[in-house]
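The block underneath contains the structure these notes are about, expressed in structure tokens.
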Amino acid sequence: MIYEAEKKIPVSSALFVGEIYNYNQGKRTRSFDLTKAISESNSVIKIGIFDLLSYDDKDFEATKWLEKKKIISSIFSEGNIIHPVQEVELKSRKEIENEFNQRVINNNEEGIIVRGLNGPTFKIKPSLTFDFVVLGFAMGYSDDFSLLKELIFGVLIEENKFLVVGKVSNGFSIDQRKSLSKQLEKIKVPSNVIETSAVNVPFTMIKPVLVAEIESIDIINNNSNGNISKSVLLFEKEFLKLNNSPSVSLISPVFKGIREDKKVTEDQTGITQITRILDLANSDVENEIKPVSLIIRKELYVKETRGIKMVKKYFIWNTNSKSNNYPEYVFYKIDYSPTRSLKLQRDIKVSNNKEQITKIFNKKIETDIKKGWNKIQ
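According to this note's numbering, the sequence shown is numbered sequentially starting from 163.
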């Protein structure tokens, strides 16, 4: 493909800008369709050229669009696989709005790019709106721990079982950060799951009864690391992690409000609101079912200095796994101090010997807990 294009360029050096995409006539394709399509022999992969940065050792400014357009058209106008992007000349905001509605609303295309003749370029895409279940919250907006910082949310995949989708920290007013923190504090629940916020603060999990409207500009099911996978959580008076499962990430999520008119049901907060937009990676493959781990030791210590609380938690759990891929016992320590640059520090040790893991547990507490720390029963 690239070799054929090079033969059409009559100069020794040129730098074009384009987008590679999966072509499927009459159907909308999105960026994440490309990953799958590249591996399929019958897929049609094309490149749309939309800009020119340099040509024959001459650099072009953004304002020289007519000159750049002429060169792009002269080289690629007859191309099928590598071609200039389609361009429509519009003269008013109303015409831009009509073009957007026709292409995006009526024809289900992804969006449009508006380029001023001598001005900036804008990408215009519709926003996506979802109703997600609020699973937990983290405090500390602008280092004020009386204000809500972030929510973690997901979808209901079956009764009492939730797939984590993402976290949101934008879109809240200060009043909402105050009122929601009080509301969420009243419905917090125990959890054997550790999900952390953007600044590594553990989320406080809540009873999954609230529905939040979340808006984003796009949704993806894979990234540079491969397919996106997130936690599946079971709620039965407390949260337990079952396994990881294919999930998605939202691009630029924004909190729009709590939906008092919505309930946590598969119809209103289920996974279909994701799968109507894109398929989950390998969603047809049954995930490995792991037995639920059992916490066999847990101790919590708190120290307060000048109104600032520091917390240390120590755990031992039995994984109940018969697989060689998992240890039999796990020691886990959480050390949280809001005054440190790295607020959350963690330590983990594993063993297949209960006596050994118990010695590690006791030794850590003996070393860490000094004067001023109080054990919480």
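Every residue gets a Cβ at the ideal spot worked out from N, C-alpha and C, and that includes glycine.
Beta carbon of residue i nearer than 8 Å to that of residue j
i    : j    : result
E251 : G210 : no
R339 : Y303 : yes
F294 : I368 : no
N406 : K392 : yes
K460 : G534 : no
P364 : I531 : no
M301 : K311 : yes
N149 : I457 : With the chain covering 163 to 539 only, the question about residue 149 has no answer from this structure.
L506 : N362 : yes
I420 : A374 : yes
P352 : E400 : yes
G328 : S411 : yes
Spatial distance of residue i from residue j (CA atoms)
i    : j    : result
F324 : I390 : 16 Å
K475 : K424 : 36 Å
F262 : I538 : 59 Å
P489 : R468 : 41 Å
V112 : I237 : Nothing about residue 112 can be reported from this structure: the residues present for the chain run from 163 to 539 only.
R508 : T520 : 18 Å
M472 : W227 : 59 Å
I207 : A167 : 14 Å
D429 : A360 : 30 Å
Q518 : I413 : 45 Å
K232 : Y183 : 23 Å
Y494 : E357 : 14 Å
P500 : D305 : 8 Å
N449 : S485 : A caution first: N449 carries a pLDDT of 46, below 50, which makes its placement in the model unreliable, though a value can still be read off. Taking the straight line from one Cα to the other gives about 15 Å.
I527 : N482 : 25 Å
E202 : L196 : 10 Å
K344 : N260 : 45 Å
K121 : I244 : Nothing can be reported for residue 121: it is not among the residues displayed for the chain, which extend from 163 to 539.
L342 : N332 : 14 Å
A289 : I267 : One detail in the question is off: residue 289 reads as Ser in this sequence, not Ala. Going from the Cα of S289 to the Cα of I267 covers about 12 Å.
K516 : L462 : 21 Å
I234 : Y185 : 21 Å
N269 : S503 : 50 Å
L309 : Q435 : 30 Å
F292 : P408 : 18 Å
Q187 : E249 : 18 Å
T148 : E320 : Residue 148 is absent from the structure shown; the chain starts at 163 and stops at 539.
S205 : A199 : 6 Å
K256 : N385 : 36 Å
S445 : E422 : Low confidence applies to S445: its pLDDT is 46, below 50, so where it sits in the model is not reliable, and the reading given next is rough at best. Taking the straight line joining both Cα atoms gives about 31 Å.
E271 : K220 : 35 Å
F477 : P415 : 34 Å
Y165 : K230 : 22 Å
N536 : T529 : 15 Å
Cut-off 6 Å between Cβ atoms - residues of its own chain near residue i, not counting five sequence neighbours on either side
i    : result
V492 : W479, V512
L313 : V296, F299, V330
D213 : V179
K350 : T366, I368
R277 : T283
Rounded Cβ spacing between residue i and residue j (contact assumed at less than 8 Å)
i    : j    : result
G432 : L297 : At roughly 15 Å, the Cβ-Cβ gap does not stay under 8 Å, so G432 and L297 are not in contact.
I381 : I439 : 6 Å
N383 : L442 : 6 Å
F417 : F334 : 5 Å
L395 : V326 : 7 Å
S254 : P246 : Contact doesn't hold; Cβ gap of about 24 Å is too wide.
V454 : L402 : 6 Å
DSSP beta-bridge partners of residue i
i    : result
V492 : W479, V512
N322 : None, per the DSSP bridge assignment.
E466 : K471
D337 : Note: D337 sits in no beta bridge, so no partner.
R265 : Answer is none; R265 lacks a bridge partner.
R277 : T283
K460 : F477
L395 : F324, K403
T366 : F299
N385 : G388
Residues of its chain near residue i, where Cβ-Cβ distance is below 7 Å and the 5 sequence neighbours each way are ignored
i    : result
K285 : G273, I275
T225 : N280
V173 : Y217, D218
N322 : L396, F397, E398
I540 : In the structure as shown, the chain begins at 163 and stops at 539. Residue 540 is therefore absent and cannot be evaluated.
Y498 : M472, V473, K505, L506
8 Å CB neighbourhood of residue i in its chain, flanking five on each side removed
i    : result
S216 : S175, A176, L177, F222
T427 : L318
K170 : I237, F238, G241
I522 : F493, K511, S513
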